[in-house]
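**Student:** Quick one: structure below, then a few questions.
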Amino acid sequence: MVGEVPLYAGRAAAPDSDDPEAISAWLSSMPTIGKRELRRGFPRALVRKSCDLKAEMARGAVEIIATSGTTENRLQVLWEWSWWDPQEREAMRYNTRVAEAMPPGAPFREAVLTTPVCGGATCHVGNLSRLERTVDGMLFLNQVADPTHWSPAELDRMLAEWNELAPDGVEADPAYLAALCRYATQTATRMSAPRFVTLTYELATRAHKRAIARAIDAPLYSLYGSTETGVLFMECTEGRLHHNARHSHLELLDAKGGLGRVVVTTLGRTWMPLCRYELGDVVRPTSGPCRCGARDEGYQLERVEGRLADCLQSVDRLATPAMLDDAIDGADPRIEGWQLQREPDGAFTLGVVGETDGAQAAEAAAGLLEARVTPRIEAAILPEGSGKYRMVRP
Amino acid sequence: MNDYKNSFPLLQRELDGQPITYLDSASTTPKPKVVIDAVTRYYTEMGANVHRGVHPLGEASTAAYERARYSVAALIGALPSEIVFTRNATESFNLVAQGLALSLDDEVVFPASEHHSNYMPWRQVAKPVLVDIDDETVPRYSQLKERITKRTKLVTLAHVSNVNGVIAPVEEWVETAHAAGVPVMIDASQSVSHLPIDVKKIGCDFLAFSSHKLFGPSGVGILYVRRERFDSLKLYNVGGGMVAYNSEDRFEAREAPFRYEAGTPNIEGAIGLGAAIEMVRSIGMDKIAAHSRALGEMLVRELKPLSGARVLGASVAPERRVALCTLSLPVPSMTQANIARLLADSHAILVSGGFHCAHVLHHRAQLDGTLRASAHLFNDEADIERLASALRDLV
Ligand SMILES: Cc1ncc(COP(=O)(O)O)c(C=O)c1O
Ligand SMILES: [Zn+2]
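Structure follows, in structure tokens:
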């Protein structure tokens, strides 16, 4: 692949053997790339010389998916269902309950609740009917760029569609699903229980999970990956994340304190193959046989810790968003949402949403960061341009 | 000297070699450096339009603009989706007046002391029904019940009067009006920078104020709409930015609040307002309110004894006033506006003189103009002492 893709021109060719050690040695001799390189090179430098992008796009085999954002997260991705679908389904089979719920060939009703494909005033579509929002049997519920802008009528519509569909499986951004569930709980609206919910797109906080569990009687599993890498990990019934090993080669670069930075080399991707791509996330690996009985064939994670850009270096260790969430939620479970902001003087402001003054949570965060943290009550946390949330604004 | 004074570049300037004493915040507040910097940063680092950018600068502008909406919401205990950006408080009142689709025999009840901004818009579309004011120009609040009829479509009042500085019992008014099924709009123009406000606690349906009286740039106003109320609010201005879809045969408006924000908004102004709000929030509205009350009390105490002075709302308890004091001072052959000029020209003390956009109040109180001194967080007792002493020299 290296010789074929302009972005990787000049790099050493892959070793001839299948010896994992030789492959690892070869990989680690190459530089890593990040979103900046993908942005700069898009799309030409990322397409194999033998592939005709224009023709394949005209045929509808490949499309461009854009993610927005004010931070490092902006990206356009070459994307094809024929690649995405099988690797996602395969990842989900690491979870026996999910696998049982979606037997191959059987009908499967799925609802998706995340940032809208088209939101705000940039898309010229207006409100879409339920039929127009159903793609490949999946119903996309949301049409608004920020869940705080969901009106009661919009929330009622989504709940009604949810209950009419009675999905077998739900794939959701935890922040969006938590907001819908809070409304359902407030209005005492019953939500049809799917057989499972996968939480993906961004880190689920403890408060998200609680709000969801209060309204939906279904197990919640994390599915971790990205538009550009595919699904990397799936959470099993025992709460561990297993690597979707057939579709990517993974390196976890040491981030100290038992943490690793995720570096991905995709396997078998025609479009936009990635070679030592640093995703920008931090994870906590674990090892040994898992009680779920999965074959021990690759990396396992205790959990995903969050974006590297949202991690804070305190005196001798990295404080990750998940660690901050443990501290904040552990100190005050009344907090529904939070965001930590670094002030010009090096101290922090902890914006909190919930029936609380946030003082205990601020104290807990201060303990973890060894810095001054002042709480501030917020009406809501503002999502980034991408519709996702930053837990820390450095 | 008060520490906050240093944060306001304008307050460092002099007039004819004298440092200024700014006592006109009720008219508009000076802008702190954090606000000036936030506006400049928009020009130097973002500069793009909002809600339509596909490039990073457009997304940065949109994020900063929307962040300001969140700050406004947090300040008054609202949801960000309940905050509409307008041009000023006046436009907020016009938006509601047009949006409620009133007819000329519908009634809108408000005190005779209201600012024209919360008077004229209702006069244009409905029949104003006034709650009387007493000799000190304070509304006879208990009259509300008898003013509400079957034709009443809205009750509106200033949280704090821009003329007498008195804090109205807004929660009681909301209770009375709601008991009769009538929605309530609050004019928070003079209160939002002096008092903590929680719209959920007040229970109002609409609330309006201007950025420029809250240390922010001019040209930005806020309209809070309780989210259930959007359904009864017709579109106002239409054009770009508020449309989700438009074809020759039909169009769809975006969701609230965006559907009420047609055209390119005052982006830098909103961002500046956001910075102003973060400043007052970090000082603490309780602390600002305590300071405002103390200065209000001192203003009345110092100005009331002036020979012949008629101080409006002087008998109202200090905890029901902000740092605003209006009086008429009999000085032979001088109007109240002349006195204000004289204070500026010979003492560099800046106050308001005239009718303060409240003609009916002045007619009813038989006042031919008044003098208004309004202090804020950067003022201290020495400023008020300077004003009192200048006026003592005059009478
Ligand atoms: C009580 C009150 N309401 C409304 C307004 C109008 O504000 P703007 O002129 O910014 O619309 C003012 C400003 O003087 C005011 O004092
Ligand atoms: Zn397992």
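Listed in order, the protein sequences are those of chains U and H. Everything in the first sequence is counted per our numbering, starting at 977 for the first residue and increasing by one. Everything in the second sequence is counted per our numbering, starting at 174 for the first residue and increasing by one. For glycine and all other residues, C-beta sits at the position ideal for the given N, C-alpha and C. These numbers were taken from a predicted model, which means no experiment stands behind them.
Using a C-beta to C-beta distance shorter than 9 Å, which residues of chain B count as neighbours of H1125/U?
**Tutor:** Given the protein chain composition of this structure (U and H), no chain B is represented.
**Student:** Decide if W1057/U is buried, meaning its Cβ has at least 16 other Cβ atoms within 10 Å, or exposed.
**Tutor:** In the first sequence, counting from the first residue as 1, residue 1057/U sits at position 81. Exposed: under 16 other Cβ atoms inside 10 Å.
**Student:** Report all residues from its chain with a CB closer than 8 Å to the CB of R466/H; omit the five preceding and five following residues, and keep chain order.
**Tutor:** The residue given as residue 466/H occupies position 293 in the second sequence. Excluding residues within five positions, the ones whose Cβ falls inside 8 Å are P491, E492, R494, V495 and A496.
**Student:** Please report the distance separating the alpha-carbon of K373/H from that of A1136/U.
**Tutor:** Start at 1 with the first residue of the second sequence, and residue 373/H comes out as number 200. Start at 1 with the first residue of the first sequence, and residue 1136/U comes out as number 160. Approximately 28 Å, taken between the alpha carbons.
**Student:** Using beta-carbon positions only, say whether P1359/U and A1151/U come within less than 9 Å of one another.
**Tutor:** For the purposes of this step, residue 1359/U is taken as the residue at position 383 of the first sequence. For the purposes of this step, residue 1151/U is taken as the residue at position 175 of the first sequence. In contact: P1359/U and A1151/U (Cβ atoms closer than 9 Å).
**Student:** Just to confirm, is the Cβ distance from V333/H to V302/H under 9 Å?
**Tutor:** Here residue 333/H is taken as the residue at index 160 of the second sequence, counted from 1. Here residue 302/H is taken as the residue at index 129 of the second sequence, counted from 1. No, they are not a contact pair.
**Student:** Going along chain H, which residues have a C-beta under 8 Å from E1360/U?
**Tutor:** Taking the first residue of the first sequence as position 1, residue 1360/U is located at position 384. Those are A236, listed as they occur along chain H.
**Student:** Who are Y1200/U's beta bridge partners in DSSP?
**Tutor:** The residue labelled residue 1200/U in the question sits at position 224 within the first sequence. Bridge pairing for Y1200/U: F1209/U [DSSP].
**Student:** Run through DSSP, which three-state label would G1096/U get?
**Tutor:** Numbered from 1 along the first sequence, position 120 holds the residue referred to as residue 1096/U. Low per-residue confidence applies at G1096/U: pLDDT is 44, beneath 50, and the placement is therefore not dependable enough to give any value.
**Student:** What residue range is occupied by the uninterrupted beta strand (DSSP E) comprising G527/H?
**Tutor:** Walking along the second sequence from the start, residue 527/H turns up at place 354. Run containing G527/H: S525 to G527, per the beta strand (DSSP E) assignment.
**Student:** Does the beta-carbon distance from V1280/U to A1298/U come in below 9 Å?
**Tutor:** Translated into positions along the first sequence, residue 1280/U becomes position 304. Translated into positions along the first sequence, residue 1298/U becomes position 322. Against a cut-off of 9 Å, the Cβ pair of A1298/U and V1280/U comes out as a contact.
**Student:** I'd like to know if A1356/U contacts chain H, where contact means its C-beta is closer than 9 Å to some C-beta of that chain.
**Tutor:** To locate residue 1356/U, count along the first sequence from 1; it is residue 380. Cβ-Cβ to chain H under 9 Å: yes for A1356/U.
**Student:** With H, G and I counted as helix, E and B as strand and the rest as coil, what does DSSP make of Y984/U?
**Tutor:** Taking the first residue of the first sequence as position 1, residue 984/U is located at position 8. Correct three-state label for Y984/U: helix.
**Student:** Measuring straight from C-alpha to C-alpha, what distance separates E1278/U and H1218/U?
**Tutor:** The residue labelled residue 1278/U in the question sits at position 302 within the first sequence. The residue labelled residue 1218/U in the question sits at position 242 within the first sequence. If I take the Cα positions, the gap works out to 9 Å.
**Student:** State yes or no: is the beta carbon of D1122/U nearer than 9 Å to at least one beta carbon in chain H?
**Tutor:** By one-based count along the first sequence, residue 1122/U stands at place 146. Yes, contact with chain H.
**Student:** Over what stretch of residues does the beta strand (DSSP E) that includes Q1317/U continue unbroken?
**Tutor:** Locating residue 1317/U in the first sequence gives position 341, counting from the first residue. Segment I1311 to R1318, the beta strand (DSSP E) holding Q1317/U.
**Student:** Say whether chain H places a C-beta atom closer than 9 Å to the C-beta of K1130/U.
**Tutor:** The sequence position of residue 1130/U within the first sequence is 154, counting from 1. Lys is not the amino acid found at residue 1130/U; the sequence shown has Glu there. Using a CB distance cut-off of 9 Å, E1130/U counts as an interface residue toward chain H.
**Student:** Of all the options D541/H, V355/H and A531/H, which has the alpha carbon lying nearest to the alpha carbon of I306/H?
**Tutor:** The residue you call residue 306/H lines up with position 133 of the second sequence. The shortest Cα separation from I306/H among D541/H, V355/H and A531/H belongs to A531/H.
**Student:** The segment 391 to 405 of chain H: which residues have C-beta closer than 9 Å to a C-beta of chain U, in chain order?
**Tutor:** Within the segment 391 to 405 of chain H, those residues whose Cβ lies closer than 9 Å to any Cβ of chain U are, in chain order, R400, E401, F403 and D404.
**Student:** Among residues of its own chain, excluding the 5 on either side of S1224/U, which ones have a beta-carbon nearer than 8 Å to its beta-carbon?
**Tutor:** Here the question's residue 1224/U lines up with position 248 in the first sequence. Contacts found: T1205, G1206, L1208, V1240, T1241, T1242 and L1243.
**Student:** Report the rounded CA-to-CA distance for E980/U versus R1015/U, giving the unit in angstroms.
**Tutor:** On the first sequence, residue 980/U is found 4 positions in, with the first residue counted as 1. On the first sequence, residue 1015/U is found 39 positions in, with the first residue counted as 1. Roughly 19 Å between the two C-alpha positions.
**Student:** Give the secondary structure of H1219/U by DSSP, where H, G and I count as helix, E and B as strand, and everything else as coil.
**Tutor:** Within the first sequence, residue 1219/U is the residue found at index 243, counting from 1. DSSP places H1219/U in strand when its eight states are reduced to three.
**Student:** Does the CB of S993/U have a neighbour CB from chain H at under 9 Å?
**Tutor:** Locating residue 993/U in the first sequence gives position 17, counting from the first residue. It does not; no Cβ of chain H falls within 9 Å.
**Student:** Taking the CB atoms as reference points, tell me whether R240/H and I444/H lie closer together than 9 Å.
**Tutor:** For the purposes of this step, residue 240/H is taken as residue 67 along the second sequence, with counting starting at 1. For the purposes of this step, residue 444/H is taken as residue 271 along the second sequence, with counting starting at 1. For R240/H and I444/H, yes; Cβs fall inside 9 Å.
**Student:** With a threshold of 9 Å between beta-carbons, can G1363/U be considered close to chain H, or not?
**Tutor:** Taking the first residue of the first sequence as 1, we reach residue 1363/U at position 387. No, G1363/U lies away from the interface with chain H (no Cβ there is under 9 Å from its Cβ).
**Student:** Applying a beta-carbon distance threshold of less than 7 Å, which residues of chain U neighbour R454/H?
**Tutor:** Within the second sequence, the letter at position 281 stands for residue 454/H. Going along chain U in sequence order, the residues near R454/H (Cβ under 7 Å) are R1352.
**Student:** Considering only the alpha carbon of each residue, which of I512/H, K386/H and F258/H lies closest to A435/H?
**Tutor:** Along the second sequence, one-based indexing puts residue 435/H at 262. The residue with the shortest Cα to Cα distance from A435/H is F258/H.
**Student:** Please report how far the alpha carbon of F181/H lies from the alpha carbon of L550/H, in whole angstroms.
**Tutor:** Position 8 of the second sequence holds residue 181/H. Position 377 of the second sequence holds residue 550/H. Near 11 Å, if we compare the C-alpha coordinates of L550/H and F181/H.
**Student:** Determine whether the Cβ of D278/H lies closer than 9 Å to any Cβ atom of chain U.
**Tutor:** In the second sequence, residue 278/H corresponds to position 105, counting from 1. No, its Cβ sits nowhere closer than 9 Å to a Cβ of chain U.
**Student:** Under 5 Å from any heavy atom of ligand 1, by CB: list those residues in chain order, please.
**Tutor:** Counting only residues whose CB is nearer than 5 Å to a non-hydrogen atom of ligand 1, the list in chain order is N261/H, A262/H, T263/H, H288/H, S290/H, A331/H, N335/H, D360/H, S362/H, Q363/H and S383/H.
**Student:** What does a CB cutoff of less than 6 Å around A299/H pick up in its chain, not counting 5 residues either side in sequence?
**Tutor:** Within the second sequence, residue 299/H is the residue found at index 126, counting from 1. For A299/H, where only same-chain residues beyond five positions count, the Cβ hits under 6 Å are L275, D279 and V281.
**Student:** So that I know if they touch, is there some Cβ in chain U lying closer than 9 Å to that of R240/H?
**Tutor:** As a working mapping, residue 240/H is identified with position 67 in the second sequence. Chain U, which has a Cβ nearer than 9 Å to the Cβ of R240/H, makes this yes.
**Student:** Going by alpha carbons, who is nearest to P505/H out of G486/H, V484/H, T499/H and S480/H?
**Tutor:** Walking along the second sequence from the start, residue 505/H turns up at place 332. Comparing Cα positions, the closest option is S480/H.
**Student:** Please state whether DSSP places G542/H in a helix, a strand or coil.
**Tutor:** Position 369 of the second sequence, counting from 1, holds the residue named residue 542/H. Three-state DSSP puts G542/H in coil, outside helix and strand.
**Student:** Taking Cβ positions only, does A443/H come closer than 9 Å to chain U?
**Tutor:** As a working mapping, residue 443/H is identified with position 270 in the second sequence. For A443/H, the answer is no, since every Cβ of chain U falls outside 9 Å of its Cβ.
**Student:** Less than 8 Å between the CB of Y1200/U and some heavy atom of ligand 2, yes or no?
**Tutor:** Position 224 of the first sequence, counted from the first residue, corresponds to residue 1200/U. Checking the Cβ of Y1200/U against ligand 2 gives no.
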